[in-house]
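In our numbering, the protein residues as written are 28 to 768. Backbone N, C-alpha and C fix where the C-beta goes; we use that ideal spot for every residue, glycine too. Computed from a predicted model, the values in this text were never measured in an experiment. Input: a single structure, listed below in structure tokens.
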């Protein structure tokens, strides 16, 4: 099985293998767990790597150098390119998290070409010396494959400081321990105070879930996600902006009670646009679905993008199908635009604020499309003639599905009110400006100037006046918005064009691209700050491939699995109880036997195996391997359901005619099926929650692949630091519903 998939990258988190040694003596492997504060200052007297081209054109310049920084063959940082310079001056800083076993930190100087790059030389900083001295700086010779300077006098000036995780105060006391707590540092959007968050489980929740009590005698109120979204759309007066991997106009948002009437999404949006509300839909353009002169292809992913655009044609609802853009110069452009997607899921509306209006946003894992409507009961057969009569979805079979169970769908979503909702709005505006940029023959476009100038509408409160709660409100929230996105998908406003300005907005450099990977940053920060437990629900769970036993070169270099394993290991060494609960689907949605699904299952197996090995080694170090086992600290769960045939109409999804032992026949006989966990959320210590559209895999966390959005939030009056014991706020009840605390 090949190590390579869609894990090739233009991003700093790629794989860097230098085919020569940068030091004569073998170095000791040590663990770097913490942050590296790096400054790549300048290089001098570099060779002219373009000299060969001078034979063919007198206009050829000299080298276009840049530097990558890698640990254990995983690239963790990258400078911008300086064109035509043998003495480049970068003065570029990085502050990057690391959780790697390695012999050295490698600085590789390269010459950027139109396609790819050439290695000029490298500088290796021994990891053992870095651990001992914490900081190394100076001028170092740039060595070639022979271990000699790549050119006489070729030097790289740099500094590197290692801060171990146990010396970083920000990770010691969880969130809210300091009244001036500023949230996750080094991100594009800051922490916003004075907000409100409503957390949702599944598209619809009735009264079947247990009643949970909060502090101050309050009761936890279960949210009803799609009903609330429907109400928000109905009550909008100025704008309705929606992003989605898929948006399907036929979806019925409400399926119970009086509000079920007139709740079909497409009709509702048309109606609101006719009232004068600005309705904009930003939908991923699935490249496998096309519509040319009446000829249509449905598309591999069945997102209904062309169908939805056709439905709104000639209406005042504006639909922009947005491909996942890659620079024309990129050799991976065609493949990447086919493989990667826009996965953000958000609904942004104006809402009542007394005599004025304010911005309100929904974000999470739920697309407004087919197959997503479900309840905590997760029915298989009983709703096929009622709630799911026109909404059957189960792509886990090949061939006919007549008589088969629907696929149960579990998800997480949220509503954001207050200043952070304006950051979700800004994300939409930045994406719309990029997606509506005239291209090719479309030099004049109807999409060029349709965004409302919200800051010029007196009726709508500005971000500084949009606080929903006060600092003293015991039910208030502090909220921060995170993204995985790059400069190929956003434009204008606060997103800079010049790579030299990347640091000012906490962005990082890739090749010809600036990257916001703050979702990854937020996960790492939250895991490191955890003191008691971590609860995760996600559609995928794979990463830290640099520490696997096999497939190390896959390039799935996100730190999350390794950070969790090291958190547990450190708690074992400190003799402190800690638990991690991770809920994932039994297999990623789709036919479980196909090669793509099997590859992902293998990589998830490698991830789990690596984590359990790290934990077991910690138990051995403490002499506890006979008393405890890794599953006492880390557990993975897959959800399934079974439904009795009693009271269910026979053949409720058509006639049954399958050969024995086929997946269809077996699931009909057993009347059970896995619950597809599509959630993308994490709860830490009953006090902090991350929730959004990002999966725990490289394509969601890297920033140059799928575009994602998420939020991190906590209630400052419901933290361990504030209460002195386990908090009982909204976050607590969200985790208690799932793990029985």
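Report the residue from the options whose alpha carbon sits nearest the alpha carbon of residue i.
i, options, result
"residue 543", "551, 550 and 532", "532"
"residue 449", "387, 400, 392 and 510", "387"
"residue 259", "627, 588 and 442", "442"
"residue 615", "639, 569, 649 and 608", "569"
"residue 673", "212, 456 and 409", "409"
"residue 583", "629, 538 and 434", "629"
"residue 306", "250, 526, 477 and 514", "477"
"residue 159", "220, 116, 122 and 59", "59"
"residue 193", "61, 287, 272 and 209", "61"
"residue 663", "649, 565 and 575", "565"
"residue 613", "489, 622, 631 and 721", "631"
"residue 586", "643, 634 and 438", "634"
"residue 782", "107, 597 and 381", "Since the displayed the chain opens at 28 and closes at 768, residue 782 lies outside it and no answer follows."
"residue 223", "431, 311, 577 and 497", "497"
"residue 553", "704, 198, 431 and 376", "198"
"residue 525", "512, 517, 264 and 540", "540"
"residue 637", "180, 593 and 343", "593"
"residue 176", "72, 331 and 274", "72"
"residue 43", "345, 581, 606 and 700", "581"
Take the Cβ of residue i as the centre, count every other Cβ of all protein chains shown within 10 Å, and call the residue buried at 16 or more, exposed below.
i, result
"residue 339", "buried"
"residue 227", "buried"
"residue 360", "Confidence in residue 360 is poor, its pLDDT being 47 and thus under 50, which makes the residue's placement too unreliable to answer from."
"residue 278", "buried"
"residue 187", "buried"
"residue 283", "exposed"
"residue 255", "buried"
"residue 707", "buried"
"residue 723", "buried"
"residue 372", "buried"
"residue 745", "buried"
"residue 714", "buried"
"residue 302", "exposed"
"residue 289", "exposed"
"residue 622", "exposed"
"residue 49", "buried"
"residue 138", "buried"
"residue 665", "exposed"
"residue 370", "buried"
Quick one: grab the DSSP three-state call for residue i.
i, result
"residue 340", "coil"
"residue 743", "coil"
"residue 703", "strand"
"residue 431", "coil"
"residue 755", "coil"
"residue 749", "helix"
"residue 41", "coil"
"residue 565", "strand"
"residue 410", "coil"
"residue 522", "coil"
"residue 335", "helix"
"residue 83", "Interpretation of residue 83 is limited by its pLDDT of 49, a score under 50 that renders its predicted location unreliable; no figure is taken from the coordinates."
"residue 101", "strand"
"residue 544", "strand"
"residue 470", "Note that residue 470 scores 46 on pLDDT, short of 50, meaning its location in the model is unreliable and no value can be drawn from it."
"residue 728", "helix"
"residue 662", "strand"
"residue 345", "strand"
In the DSSP assignment, find the alpha helix (DSSP H) that holds residue i and state where it starts and stops.
i, result
"residue 644", "622-648"
"residue 154", "154-160"
"residue 210", "Segment: none, residue 210 is in no alpha helix (DSSP H) and carries neither H nor E."
"residue 190", "Segment 182-191 is the beta strand (DSSP E) holding residue 190; no alpha helix (DSSP H) there."
"residue 331", "Premise fails: residue 331 is in no alpha helix (DSSP H) and is neither H nor E."
"residue 257", "252-262"
"residue 733", "No alpha helix (DSSP H) holds residue 733; DSSP gives it neither H nor E."
"residue 248", "Premise fails: residue 248 is in no alpha helix (DSSP H) and is neither H nor E."
"residue 294", "292-301"
"residue 695", "690-697"
Check for me: the beta strand (DSSP E) holding residue i runs from which residue to which?
i, result
"residue 769", "Only positions 28 to 768 of the chain appear in the structure, and residue 769 is not among them; the question remains open."
"residue 131", "131-139"
"residue 310", "305-311"
"residue 385", "383-391"
"residue 459", "No beta strand (DSSP E) contains residue 459, which is instead part of the alpha helix (DSSP H) from 447-462."
"residue 266", "266-271"
"residue 597", "From DSSP, residue 597 is part of no beta strand (DSSP E) but of the alpha helix (DSSP H) over 587-600."
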